[in-house]
Structure formats: C-alpha cells, structure tokens
Amino acid sequence: MSADAGVEPGIVCAFAVTGTPPDPVALASVTGHEEGGPLRVLDAGGGLCLVVQDVPAALFDEEALAERLNRPADLERCARAHHRAVEAAAGRGAVVPLPMATLYRGDRSAVRAVTDRRPVLEALLDRLRNRTEWAVKVHAAEGAPEDPPTAPADPDPGTGSGSGGRAYLSRASARRRDRRQAHGRALAEAEAVDAELRRYAVAATRHRPQSERLTGRRTPQLLNAAYLVEDADRAAFTRALAGLTAEGRHPAVRTDASGPWIPYSFARWDEADEATDAHPGQEVPA
C-alpha cells in the first residue's frame, strides 16, 4: 500500500509483472509467503501491473532475509512461495517473473521500478507471450565406459619393468584412453541433443551443469539447457524429445526433460538496465 505522509512505508515483495491482471478470486486463493498478507495487484500504468505481497520487516529486511536464505529449509519455503505467486500472476497471460525476494519500500518504489523499465518489460512480455520453457538435462549414461570397471591388478605389477609391469601399465593406459573416448562420445551426443531441440525452439540458453552431489547421479551432467518454445510448436518439440530419449538413439547419454514451465530463463528484466536493479534481499529506497 502507498505510504501516507509521515507514515513509514512497509516492505513489499514483488513477484511478477504482467499486462493481463490475474483473476481476483484465483489470486485470493493462493498463498505467497506464509508470513505476509494476501497477494494483490498494483497498477503500474500504461497497461502494466505488478503482483505483490506486504511482508513483515522483522523477517524480510536485508539482514533478516539474508540469514533466512542461508538456511536450506527457509530457502526452499521462500522459493516455493515465490513460484506459487508467479504462477498465480500468469493465470491470464504472459508474465515477467522477478528474482526471488525482490523487495521495495512501499508501493511507490515498486511501481517506480516498473515504470522506469517500461520499454524493457513490454518487449519481454511480447517475447514471452504464448511461449513456455522446457528444461533438458543430459547425463553420461550409467554403465557406459565413462568410468569402466577396473581390471584385476597384477599380482606383482612391479615398478614398470619386466613383462608384468609393462602389461599393467598398458592396461592402465588403455583404461584412460577408453574413458577419454567414452567422455568424448557422450559430449558429442549431448551436443546432438541440443542441436536437435534448438530446431523447434525460438530461443535456447545453457545453465552451468550441476554437480553430481546435486543431481544424485554417479555420472556427470553434460548439458543443462532451457528452450523457449511456441505453444503452436509444442507437439513438434515433445515429439523430438521422445525421439531423443528413446532407447538406443543416443546410447552414451541419458536425457531428462520437464515442462512446460513459466519461462524464467528468458525473462531477465534487468539485462538492459542495471542502474536500479532490485537484487534478492535488497530493498529499493522509497
């Protein structure tokens, strides 16, 4: 809510910008951050609006929020709340999702952030309209010679001299060569997956591959990509995905896909104007 004269503005958490305000009844049924008020819509003028929530300063000022986001359980709760609110904002049309924990001192600051970037936001909404994001992750195949079983060691490999030592070193060299060749094949197949899917997408981007600790896989992640797909081309894209994940098509890799999603990866509203960014955990002065 806009601050009256002499009244300290509260903290407003902003989730998404849209040109098609969500249905008020549907919006009221969605819970954003559990500690905050109901989701509501701010009119930013010129056909743009902002889905926001009033949140308590004790939990969402810069210091408190930074502490909470360092706790995995709280971070997950914040991320889920953010995603629920963005989905609600997208109920009737395209949205530009904002970074998680985009905070402002009062409604006026939130609206000003939108109006200051109006051309960028309007262009993004045009770009994202009737398009969704698909996430694709490619890993080296389990059981492939990416990391083949170690051959039984010689009873006495020695120091590399004599027939036993030479045989041992030869096998070790062959294993290293096999691993390099297997990794090369897997990389080539991951690139082939990416090239095929780009044929059905209007845009694509690559994220940093996730570690094995995060993926829970024993094999490395070779491709972590997102594709922006026209709704009209969704069937062709999913057919291509089905072909790529079929057994035997690319035996050196395993391809996993999910979607359709709101196109977070293609909605960077801060790329064209970094002067007044609202970073996660940072409030824009009123």
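For what it's worth, this note's numbering labels the leading residue of the sequence shown as 167, then goes sequentially. Glycine is no exception: its CB is placed at the ideal position from the N, C-alpha and C atoms. These figures come from a predicted structure and were not determined experimentally.
Check                                                                                                                                                                                     : Outcome
If I'm right that G110 touches G213 with Cβ under 8 Å, what's the distance once you round it to whole angstroms?                                                                          : Because residue 110 is not part of the residues shown, which for the chain are 167 to 452, the question remains open.
What ranges does the beta strand (DSSP E) occupy inside the stretch 372-422, keeping only unbroken runs of at least 3 residues that lie completely in it?                                 : 387-396
Judging by CA-CA distance, which residue of L208, T298, R243 is the nearest neighbour of W427?                                                                                            : T298
Can you grab the Cα-Cα spacing for the pair P446 / A247, in whole Å?                                                                                                                      : Here P446 scores only 35 on pLDDT, less than 50, and its place in the model is too uncertain to base an answer on.
Specify the secondary structure class of A338 as computed by DSSP and reduced to three states.                                                                                            : helix
Looking at the strands, I want to know which residues DSSP matches up with I428.                                                                                                          : Note: I428 sits in no beta bridge, so no partner.
At least one CB of chain C closer than 8 Å to the CB of R434: is that the case?                                                                                                           : Here chain C cannot be found, since the structure has a single protein chain.
Would you say L388 and A356 are within 8 Å of each other, going by their C-beta atoms?                                                                                                    : yes
Terminal residues of the continuous alpha helix (DSSP H) containing H305?                                                                                                                 : That residue, H305, is in no alpha helix (DSSP H); its beta strand (DSSP E) goes 297-306.
So V217 and L205 are supposed to be a Cβ contact under 8 Å. How far apart are they, rounded?                                                                                              : 6 Å
Taking buried to mean at least 16 other C-beta atoms within 10 Å of its own C-beta, is P285 buried or exposed?                                                                            : exposed
I need the DSSP call for G326, collapsed to helix, strand or coil.                                                                                                                        : With a pLDDT of 48 at G326, under the threshold of 50, the predicted position of this residue should be treated as unreliable, though the coordinate-derived value follows. Coil.
CB-CB under 7 Å to V221, same chain, minus the five flanking residues each way: which ones, in chain order?                                                                               : I177, C179, H199, E201, G202
From the DSSP output, in three-state form, read off T184 for me.                                                                                                                          : strand
Tell me the rounded alpha-carbon separation between N236 and R379.                                                                                                                        : 18 Å
Identify, in the order they occur along the chain, each residue of the same chain with its Cβ nearer than 6 Å to the Cβ of T411, setting aside the five sequence neighbours on each side. : T421
Find the nearest neighbour of R250 within the set P188, E229, A306, judged by alpha-carbon distance.                                                                                      : P188
Which residue comes first and which comes last in the beta strand (DSSP E) that contains R365?                                                                                            : Segment: none, R365 is in no beta strand (DSSP E) and carries neither H nor E.
Return yes when the Cβ of V252 is within less than 8 Å of the Cβ of L291, no when it is not.                                                                                              : no
Hey, quick one: how far does the beta strand (DSSP E) through R258 stretch, first residue to last?                                                                                        : Neither: R258 is in no beta strand (DSSP E) and is coded neither H nor E.
Does DSSP classify T281 as helix, strand or coil?                                                                                                                                         : helix
If you run the structure through DSSP and keep just helix, strand and coil, what is R246?                                                                                                 : helix
Can you give me the start and stop residues for the alpha helix (DSSP H) that L225 sits inside?                                                                                           : 223-226
Taking all protein chains shown into account, do 16 or more other C-beta atoms lie within 10 angstroms of the C-beta of G272, making it buried, or fewer, making it exposed?              : buried
Beta strand (DSSP E) containing A210: first to last residue?                                                                                                                              : 206-211
What do you get for S275, buried or exposed, if any count of 16 or more other CB atoms within 10 angstroms of its CB means buried?                                                        : buried
May I ask you to verify whether the stretch 360-375 touches the stretch 391-405, counting CB pairs closer than 8 Å and requiring at least 3?                                              : yes
Count the other CB atoms, across all protein chains shown, that sit within 10 Å of the CB of S431; report buried if there are 16 or more and exposed otherwise.                           : buried
Considering A192, what are the terminal residues of the alpha helix (DSSP H) in which it resides?                                                                                         : 190-194
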